[in-house]
Amino acid sequence: MSLITVDAANAEFYAAFEAVDLDRMSAVWADGPYAESVSCVHPGWPLLRGRGEVLRSWALIMANTPFIQFVLTDLRTEIRDEYAVVTCSENILTADDDTDVGFAAGGSVVTTNMFVRTEGQWRLWLHHGSPVLNRIGDGEE
793 MSLITVDAAN AEFYAAFEAV DLDRMSAVWA DGPYAESVSC VHPGWPLLRG RGEVLRSWAL
853 IMANTPFIQF VLTDLRTEIR DEYAVVTCSE NILTADDDTD VGFAAGGSVV TTNMFVRTEG
913 QWRLWLHHGS PVLNRIGDGE E
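Quick note, the sequence shown lines up with residues 793 to 933 if you use my numbering.
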């Protein structure tokens, strides 16, 4: 297997989600000795721990997401030996087949994705997303 960059691994995580492709999503996440400690916090959800529990959550989300698109901003990547952290803002558009106009919502989430290099690949070990409720500088004081 060829080594892909951390940024490419991070992009594949979002591409798998946008494609609603659980096989691709599964390939992004760490396994082997890291499987038990894989962790995920979806916005508004409790901590999920373990590869199986995390992938089940993605299956549930994907089964209920007819369309989602991410525009990532404020991307920052830090690599330290076998670990890497990517922080970013997810600007999200979703659609719903059950509405007349098809558009359901837009939102923003701040995210930390932690990757581990294992068997020559960068694999996602932790995903933590927190919704942005108020932006500093929006006139709120």
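Note that the Cβ used here is the ideal one computed from N, Cα and C, for glycine as well.
Note the first and the last residue of the continuous beta strand (DSSP E) segment covering residue i.
{"i": "W837", "result": "First-last for W837: undefined, no H or E at that position."}
{"i": "I853", "result": "Looking at the DSSP string, I853 is not in any beta strand (DSSP E); the run it does join, the alpha helix (DSSP H), is 843-855."}
{"i": "E870", "result": "859-872"}
{"i": "Y806", "result": "First-last for Y806: 798-810, but that is the alpha helix (DSSP H), not the beta strand (DSSP E)."}
If you count every other CB in all the chains shown that lies within 10 Å of the CB of residue i, and 16 or more means buried, which is it?
{"i": "G931", "result": "Because the pLDDT of G931 is 49, which lies under 50, any placement of that residue in the model is unreliable, and the number read from its coordinates should be weighed accordingly. Burial call: exposed."}
{"i": "L925", "result": "exposed"}
{"i": "N944", "result": "This structure does not reach residue 944, given that the chain is present from 793 up to 933, and the question cannot be answered."}
Spatial neighbours of residue i within its chain, please: C-beta separation below 8 Å, excluding the five flanking residues on both sides.
{"i": "V820", "result": "A801, E804, F805, A808, R915, L916"}
{"i": "M793", "result": "Summary for M793: the model assigns pLDDT 34, below 50, so the residue's position carries little reliability; its value from the coordinates is reported in the next sentence. E911, G912, Q913, listed in sequence order."}
Provide the residue span of the alpha helix (DSSP H) that contains residue i, from first to last.
{"i": "D815", "result": "814-820"}
Do you know whose CA, among the options, lies nearest residue i's CA?
{"i": "V846", "options": "I884, V863, A827, F859", "result": "A827"}
Give me, in chain order, the residues of the same chain whose beta-carbon lies closer than 6 Å to that of residue i; leave out the 5 immediate sequence neighbours on both sides.
{"i": "C832", "result": "L840, V846, H919"}
{"i": "L885", "result": "Q861, G898"}
Excluding sequence positions up to five away, which residues of its chain have a Cβ less than 7 Å from the Cβ of residue i?
{"i": "L814", "result": "W850, A851, M854"}
{"i": "F859", "result": "T886, A887"}
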